[in-house]
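Let me begin by presenting the structure, written as structure tokens, before commenting on it.
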Amino acid sequence: MTEKPTVVRSDGIAHVMMLVAMLIFALNYIIGRWAVGDTPPYMMGLVRWGGGALILMPLAWRHLWNDLPFIGRYWKRLCIAGFMMPFMVGGVSYVAMTHTSAINAGVIVTSTPVMTVLLSWVVFKEPIRGAVWLGISLAIAGVLYMVSRGDPASLLGLTFNIGDLLLVGSCLGVGAYGVTVKTLTAGFHPLSLLTVVCVVGAICHMPFVAYELGAGEQVVLSVKSAVSLVFLAIFPSVVAILIWNSAIARIGPSRSTFYMYTIPVFTAILAIPLLGESIGVYHVVGAVLIVIGVTLASWKSKTT
Numbered sequence: 485m486t487e488k489p490t491v492v493r494s495d496g497i498a499h500v501m502m503l504v505a506m507l508i509f510a511l512n513y514i515i516g517r518w519a520v521g522d523t524p525p526y527m528m529g530l531v532r533w534g535g536g537a538l539i540l541m542p543l544a545w546r547h548l549w550n551d552l553p554f555i556g557r558y559w560k561r562l563c564i565a566g567f568m569m570p571f572m573v574g575g576v577s578y579v580a581m582t583h584t585s586a587i588n589a590g591v592i593v594t595s596t597p598v599m600t601v602l603l604s605w606v607v608f609k610e611p612i613r614g615a616v617w618l619g620i621s622l623a624i625a626g627v628l629y630m631v632s633r634g635d636p637a638s639l640l641g642l643t644f645n646i647g648d649l650l651l652v653g654s655c656l657g658v659g660a661y662g663v664t665v666k667t668l669t670a671g672f673h674p675l676s677l678l679t680v681v682c683v684v685g686a687i688c689h690m691p692f693v694a695y696e697l698g699a700g701e702q703v704v705l706s707v708k709s710a711v712s713l714v715f716l717a718i719f720p721s722v723v724a725i726l727i728w729n730s731a732i733a734r735i736g737p738s739r740s741t742f743y744m745y746t747i748p749v750f751t752a753i754l755a756i757p758l759l760g761e762s763i764g765v766y767h768v769v770g771a772v773l774i775v776i777g778v779t780l781a782s783w784k785s786k787t788t
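Numbering-wise, the sequence shown is residues 485 to 788 according to this note's numbering.
Set out below in structure tokens:
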């Protein structure tokens, strides 16, 4: 009788933590879209992950020291992980935000679990049964519907919004990151792994930042650029991920997957008043297909 309230309270806190993490991830797209014009996209990515690495260093240095043998042994996988997640979710997604809306980003990102399932099938030969294939097909159909803006003819004509395609690539990058990290988590402390990934991600951005600066792009000194860069350095790359990881440890990865469906909700709620964006029918149809597909794929992949 005395233990029951503790369990309920702990579980409730975990669900609140997960919602907070998803809200921060949604804000990442809002800020990315809002800051367009004041801060070059790869510069935003560098600040996000380089700043995250600097914040994590004081917390992780002891674990980094202990994990040096693992870092030396798995440096190639760490480089892949650092490119696939920080770079694809950083600079590439911010480039995408110069071409598409925050609402589109929020909807497309919910397809990430399906990308992970597909890549696990390719890399680890994990079996995918009929119901999972159905879920994957529905989710991909939802993404294609979004990318085509509800016009199937554009798929035949190969006329896509480059921003939406980059966001799909970003989701594939996160899926590849998940598959890569799956082979690393047993040897690394979570803080040292996240710090190394942030450092690699920051390094990946540097040549592109040099290109931006060489092309004459620069950060406009303004309240907007200051707020966006500080937010990106602290919240999406450090706070949200630490909260997310802690919540997953409490409620499990299978239940946490479904919280990704709140990202487009949070994004739409924020983008409509803050960015003046509007929701179209294709947003709703695409989101419904993706949510049903990911739900079916995630649920069946855990029960078969």
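C-beta: ideal position from N, C-alpha, C; glycine also.
Just the C-alpha distance for residue i and residue j, rounded to the nearest angstrom, thanks.
i	j	result
R578	N550	Per the sequence shown, residue 578 should be read as Tyr rather than Arg. Distance between the alpha carbons of Y578 and N550: 34 Å.
V707	F692	24 Å
G653	M581	13 Å
C688	F742	31 Å
V768	V520	25 Å
M744	M506	7 Å
I514	E761	11 Å
V714	V531	8 Å
M541	T679	7 Å
V772	G566	31 Å
V681	L726	14 Å
A498	M599	25 Å
I555	V601	26 Å
G685	G619	31 Å
A659	P757	In the sequence as presented, Ala is not what sits at residue 659; that position holds Gly. For G659 and P757, the distance between alpha carbons rounds to 31 Å.
G700	G534	22 Å
E696	Y661	26 Å
R557	F608	20 Å
V504	L759	21 Å
Among residues of its own chain, excluding the 5 on either side of residue i, which ones have a beta-carbon nearer than 6 Å to its beta-carbon?
i	result
I776	L622
I774	T594, S595, A623 and G626
V683	A537
N512	P720
M572	S654 and G657
R734	A498
Answer with buried or exposed for residue i, where buried requires no fewer than 16 other C-beta atoms within 10 angstroms of its C-beta.
i	result
I732	buried
V663	buried
G646	Note that residue 646 is Ile in the sequence shown here, rather than Gly. Under this definition I646 is an exposed residue.
L780	buried
D522	buried
T667	exposed
V500	exposed
V606	exposed
G590	buried
Among the residues of its own chain, which have a CB less than 7 Å from the CB of residue i, if the five just before and after it don't count?
i	result
N729	P674
D648	T584, N588, I592, M630 and V631
V722	G536, I539 and L540
I508	F719, P720, V723 and A724
I564	T664
Just reading off the alpha helix (DSSP H) that residue i is part of, what are its end residues?
i	result
R517	K488 to W518
H547	P525 to N550
S621	G614 to V631
To which residues of the same chain is residue i closer than 8 Å at the C-beta, ignoring the five residues directly before and after it?
i	result
V495	Position check: residue 495 holds Asp in this sequence, whereas Val was assumed. Within the same chain, D495 has close Cβ partners R734 and I735.
Go through the segment 680 to 739 residue by residue and report every complete run of the beta strand (DSSP E) that reaches 3 residues or more, in order.
You should have found no qualifying run.
Please list the segments of the alpha helix (DSSP H) lying wholly inside the segment 745 to 778, counting only runs of 4 or more residues, in order along the chain.
Correct list: 746 to 759.
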